[in-house]
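Note sheet for the following structure.
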Amino acid sequence: MARRSFWENRPIPELMIGLVAVAIAVIVAGTVIAHAFRDVKKRRDTITVTGSAREPISANQATWKLTVTAQKRKAADASRVLRREVRTVRAFVRDGGISDQDVTLPPITVNQTQRQVSRKHFVTEYLLAQNFQITTSDVNKLEATAGNVSTLLEQGLTLTVGRLSYTSTELSEARLKALQAATKNASERAKTIVEGVGGDLGGVRSASLGVYQIVPRNSNQISDYGINDTSTKEKDVIAVVSVTFGVD
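Take the sequence shown: its letters are residues 253 to 500, numbered as in my numbering.
Here it is as structure tokens:
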């Protein structure tokens with residue numbers, strides 16, 4: 253008769269099975285925790301830097317606004333005077349080389365006003381106003397025309413004259429260039445800092461863009477709400493970005 257081994261008729265104790273299962277669970281849990289710790293540490297190893305850049309831009313468009321008014325006791329009289337003065341202003345603008353297509357005339361405004369003619373006597377008069385808005389890409393011609401506006405005053409016209417405002421149709425492109433340069437600047441700063449302490453710069457974790465500043469050339473003006481300068485032809489578009497990088 254064949255002899256049976258000692259363990260053949262004896263089942264492995266349930267306690268031993270439980271201990272083996274616990275041991276395996278501990279090993280697996282330890283491995284998971286170790287990987288999780290490394291992942292958390294990796295996520296926490298970051299650096300946040302600010303980058304900025306200026307992109308020069310020149311205005312290729314200018315706008316000039318002025319208003320001519322006429323005031324008379326009768327509306328019809330005021331209207332006749334205003335029509336004559338509007339024709340005078342139109343001729344003045346044409347003589348400056350500005351096309352009629354560049355001139356916008358909104359509807360005439362009409363208001364009643366009280367004019368004191370004696371201590372206790374007031375008369376009602378009609379005040380009519382015609383606004384002009386001139387926008388052209390020929391900036392030099394518009395500057396020259398605006399500079400000669402005194403000739404209209406010498407003819408007796410009643411005018412309200414605004415300053416020229418300068419804008420650019422290439423602003424969107426300038427903003428993108430400034431943003432690209434600011435992002436590059438942030439990357440270079442971060443790399444310099446990290447490599448200076450013996451680390452390696454990782455990938456971008458997050459980024460945010462501040463408001464653009466459009467300021468006169470070489471100006472240090474800044475505003476939390478952004479600046480949009482229209483007073484000068486030569487400007488800078490300033491972009492500021494905040495970028496968070498991983499650190500390896």
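For each residue, glycine too, the CB sits at the ideal point set by N, CA and C.
Reducing DSSP to helix, strand and coil, say where V495 ends up. Position 243 of the sequence shown, counting from 1, holds the residue named residue 495. If DSSP states are grouped into helix, strand and coil, V495 belongs with the strands.
Here's a check: name, in chain order, each residue in its chain whose Cβ is nearer than 7 Å to the Cβ of V492, leaving out the five neighbours to either side. Along the sequence shown, one-based indexing puts residue 492 at 240. The residues are T302, S304, A434 and G462.
Buried or exposed: A288, going by 16 or more other Cβ atoms within 10 Å of its Cβ? As a first step, residue 288 is located in the sequence shown; it is residue number 36 there, counting from the start. Residue placement at A288 is flagged as unreliable, the pLDDT there being 40, under the threshold of 50; the coordinate-derived value follows with that caveat. So A288 ends up on the exposed side.
Helix, strand or coil: which one does DSSP assign to A286? Position 34 of the sequence shown, counting from 1, holds the residue named residue 286. Low confidence applies here, because A286 scores a pLDDT of 45, under 50, leaving its location unreliable; read the following figure in that light. Three-state result, A286: helix.
Rounded to the nearest angstrom, what separates G451 and D500 at their Cα positions? Mapped onto the sequence shown, residue 451 falls at position 199. Mapped onto the sequence shown, residue 500 falls at position 248. If I take the Cα positions, the gap works out to 6 Å.
Could you tell me whether the region 375-388 touches the region 313-323, using the rule of 3 or more Cβ pairs below 8 Å? yes
DSSP state of R415 mapped onto helix, strand, coil: Mapped onto the sequence shown, residue 415 falls at position 163. It is coil, neither helix nor strand.
On a CA-only basis, which of D347, V362 and G498 is nearest S439? Give me that one, please. The residue labelled residue 439 in the question sits at position 187 within the sequence shown. Cα-wise, what sits closest to S439 is G498.
Mind reading off the beta-carbon distance from I474 to K487? Whole number of angstroms is fine, and I expect it under 8 Å. As a first step, residue 474 must be located in the sequence shown, where it is residue number 222. As a first step, residue 487 must be located in the sequence shown, where it is residue number 235. At roughly 14 Å, the Cβ-Cβ gap does not stay under 8 Å, so I474 and K487 are not in contact.
Buried or exposed by the 16-neighbour rule on C-beta atoms within 10 Å, applied to Y477: Within the sequence shown, numbered from 1, the residue matching residue 477 stands at position 225. By the neighbour-count rule (16 or more Cβ atoms within 10 Å), Y477 is not buried but exposed.
Who does F344 pair with in a DSSP beta bridge? Within the sequence shown, the letter at position 92 stands for residue 344. Answer is none; F344 lacks a bridge partner.
Pick out whichever of Y418, V338, T388 and K324 has its Cα sitting closest to the Cα of P358. As a position in the sequence shown, residue 358 is number 106, starting the count at 1. Checked all of Y418, V338, T388 and K324; the closest Cα to P358 is V338.
Spell out the partners DSSP gives S483 in its beta bridges. If you number the sequence shown from 1, residue 483 lands on position 231. Its beta-bridge partners do not exist; DSSP assigns none.
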